[in-house]
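Trainee: First the structure, then my questions, so here it is.
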Amino acid sequence: MSINVMRGAVAIALLYAARRFYRNWGTTKEECQMHVPGDGVISEPADVTTEGIWIDAPPSAVWPWLVQRLVQMRRDGAGFYASQGHQKTESTRPEWQHLAVGDTVRLTPGDAGCVLSVVELLEQQAIVLRTNRSGAWDATCTLHLVPHWQDRCRLLVRTRIRLAHPGAIVITELVGAPRALAVRHFLKGIKQRAESAYQAEVSSEASDAATEMAAPHQLH
C-alpha cells in the first residue's frame, strides 16, 4: 500500500511540475504579470496562462501571417490543431488579410469545436478573441505582438478563463496540456513563416542596394 501511495505522490508531483511548465510556456515571470489588451474583458478569471515565442522579425512583418492564419482557421476549421498541410502556405495572400471585430475563429476542429469571436483588434499589436458566454467557459484569448529593437518581437498568447460552474475546472485541467502543445505548434508556425519571409525581403533589399551602388562603376 505504501508503494502505491509513493507512486501516486510521484505522479502528482510530476504532473504538477509539468503543469507549471506548460501553462506559461516560453514566457518570463514579468510577461506573465504584464497587462495585455483584453485583460479587462473578463474579471476575476479562474485560470490565466501566458505563452510566447521570440520571432526574428518586426511586428509589421509578423502581423500579416497572424491575420492570415486566423482567417485560414475560420475557413478550414482545423484551428490550432492544424497539420502542416493546413499551414503550408509560404506567402501571404491579399484575400486572407481581412479580419474584423465580429468575425469568428475556430480553435478546434469539427462542428462542435471551440468558436471564438474577435472582440478587439489593434493593428500590428493585438487580436482579442472571446468564447460564446453561454457555454461552460467564458474565456478570452489574446494574441499580442511586443516589439523588441527594430527587427525582433515577442508573440504572446494570453488566455483568461472564467468558469460557468465549478465542475468545469476538471475539464480545463484535462485539456491543459494538449491545448498548450497546440498553441506551441501555432506559435512555431507563425515564427517560421514570418522569419523566412522577412529574411528574404531583407536579402532582396540588400541585393538591390548593392546593384545600385555598383551601377555607376559599371558605367566607367
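First residue of the sequence shown: 2, per my numbering; consecutive thereafter. Built from N, CA and C at the ideal position, the CB exists for glycine as well. Since this is a predicted model, take the numbers as computed values, not measurements.
1) Given a cut-off of 8 Å, decide if VAL120 and VAL129 are closer than it, judged by their beta-carbon atoms.
2) Look at the alpha carbon of ASP139 and the alpha carbon of SER61, and state the distance between them as a whole number of angstroms.
3) For GLY41, does the count of other Cβ atoms within 10 angstroms reach 16, so buried, or fall short, so exposed?
4) Less than 8 Å between the beta carbons of THR93 and GLN69, yes or no?
5) Tell me whether VAL184 is buried or exposed, calling it buried when 16 or more other Cβ atoms sit within 10 Å of its Cβ.
6) Based on the DSSP secondary-structure assignment, which residues constitute the bridge partners of HIS149?
7) Among residues of its own chain, excluding the 5 on either side of TRP66, which ones have a beta-carbon nearer than 8 Å to its beta-carbon?
8) Taking GLU52 as part of the beta strand (DSSP E), name the residues at either end of that continuous run.
9) For HIS145 versus PRO46, is the C-beta distance shorter than 8 Å?
10) Does the Cβ of ARG161 have 16 or more other Cβ atoms within 10 Å, making it buried, or fewer, making it exposed?
11) Buried or exposed: ARG180, going by 16 or more other Cβ atoms within 10 Å of its Cβ?
12) So, is GLU52 buried or exposed, given that buried needs 16 or more other C-beta atoms within 10 angstroms?
13) Between THR29 and ASP48, what straight-line distance do the alpha-carbon atoms span, to the nearest angstrom?
14) Measure how close the beta-carbons of VAL72 and TRP97 come, nearest whole angstrom, since I'm counting them as under 8 Å.
Mentor: Let me lay it out:
1) yes
2) 31 Å
3) exposed
4) yes
5) buried
6) ARG153
7) THR93, ILE191, ARG194, ALA195, ALA198
8) 48–56
9) no
10) buried
11) buried
12) buried
13) 17 Å
14) 5 Å
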